[in-house]
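In UniProt numbering, the protein residues as written are 1 to 342. The C-beta atom is built at its ideal place from N, Cα and C for all residues, glycine as well. Here is the structure we will look at, set down as structure tokens.
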């Protein structure tokens with residue numbers, strides 16, 4: 001069977017799956033199942049196999065998550081691309097220098113072979129001396145060339161190391177919130193995809209806690225945006241201290257933060273959230289006596305436990321529902337949102 005026939009057969013199998021599972025025949029669904037059946041994306045195949053083995057119904061939302069994860073381009077910023085191109089150019093230059101060095105050594109070896117042959121064929125002492133002098137001259141020239149190449153190789157190596165460091169820094173910045181230093185929304189979304197996959201594969205407990213600063217608008221209205229920014233930094237600092245690896249804190253957007261907890265029990269997650277909430281409530285902002293308004297930071301927190309096969313959006317949405325229930329109950333508290341409750 002040639003490639004065309006194989007593609008046609010795979011497309012027919014995709015159509016069968018769509019009919020059997022009563023899926024919407026969208027381009028995204030076709031792309032997912034075509035890639036699955038043709039085994040062209042091993043990580044996608046693994047993700048779907050895990051869902052199937054856990055007897056999870058692959059809903060429209062799960063299809064959307066799969067498409068976003070495996071088919072949407074990772075929009076790295078132009079700085080990453082530029083540094084990557086520069087790094088590639090420097091590596092090409094390094095390889096060119098190495099080829100030049102190898103060519104010089106090869107040429108000298110050929111010259112040595114030729115000169116040895118000439119010396120063996122000659123009984124004229126003057127001719128032999130002339131041959132030896134020529135070899136010595138070529139050896140000096142090769143030494144000078146290699147000294148120059150060595151310097152250039154060292155320079156290229158240092159430039160590559162600098163570019164690698166720059167690439168790592170730019171990549172880190174692309175996943176970091178500039179104001180708070182925590183992981184940004186892109187980093188959070190990536191972590192959630194990875195952690196839910198690990199939970200499916202290994203059966204680990206996974207929790208998300210959504211945190212929102214109570215009455216944040218009052219800080220901005222009463223004290224100005226600089227104080228509002230300081231409030232965000234204070235909350236981020238407490239989060240960074242309280243939520244250590246392998247768990248992850250991040251800024252989800254605006255005054256909303258997120259905590260991802262791996263392989264803990266629900267009571268441990270609740271205890272950490274309450275400890276963080278209590279620590280923040282005891283913090284007092286240093287404000288000018290001339291200004292009136294809030295100087296105490298309180299937060300509301302919603303917690304959700306991941307259910308195997310649950311779409312990431314629904315998982316986070318349940319934590320958000322718990323957060324809003326905490327606000328409705330009077331704020332400055334932690335609420336656990338059970339599966340099926342929201």
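- By the C-beta density criterion, residue 54 is exposed, having fewer than 16 other C-beta atoms within 10 angstroms.
- In terms of CA proximity to residue 23, 61 leads the group 61, 35, 40, 47.
- Note on geometry: alpha-carbon atoms of residue 312 and residue 336 lie some 17 Å from one another.
- With fewer than 16 neighbouring CB atoms inside 10 Å of its own CB, residue 225 falls in the exposed class.
- Rounded to the nearest angstrom, the Cβ distance from residue 262 to residue 204 is 6 Å, consistent with a contact under 8 Å.
- Between residue 191 and residue 183 the beta-carbon gap is near 7 Å, inside 8 Å, which marks them as a contact.
- Contact between residue 255 and residue 280 is ruled out by a C-beta separation of about 13 Å, above the 8 Å threshold.
- One Cα belongs to residue 325, the other to residue 213, and the distance between them is close to 14 Å.
- Look at residue 306 here: in three-state DSSP terms it is coil, with no helix or strand label.
- Bounds of the alpha helix (DSSP H) holding residue 277 are 266-281.
- Burial state of residue 12 is exposed, judged by a 10 Å Cβ sphere holding fewer than 16 other Cβ atoms.
- Counting of Cβ neighbours within 10 angstroms places residue 250 among the buried residues, the total reaching 16 or more.
- Taking each of 195, 221, 145, 236 in turn and checking the Cα distance to residue 179, the smallest one comes out for 236.
- Under the three-state reduction of DSSP output, residue 26 falls in the coil class, being neither helix nor strand.
- Here residue 35 is buried, its C-beta having at least 16 other C-beta atoms within 10 Å.
- The beta carbons of residue 242 and residue 282 sit about 13 Å from each other, so the pair does not count as a contact at 8 Å.
- Here the alpha carbons of residue 66 and residue 59 stand approximately 11 Å from one another.
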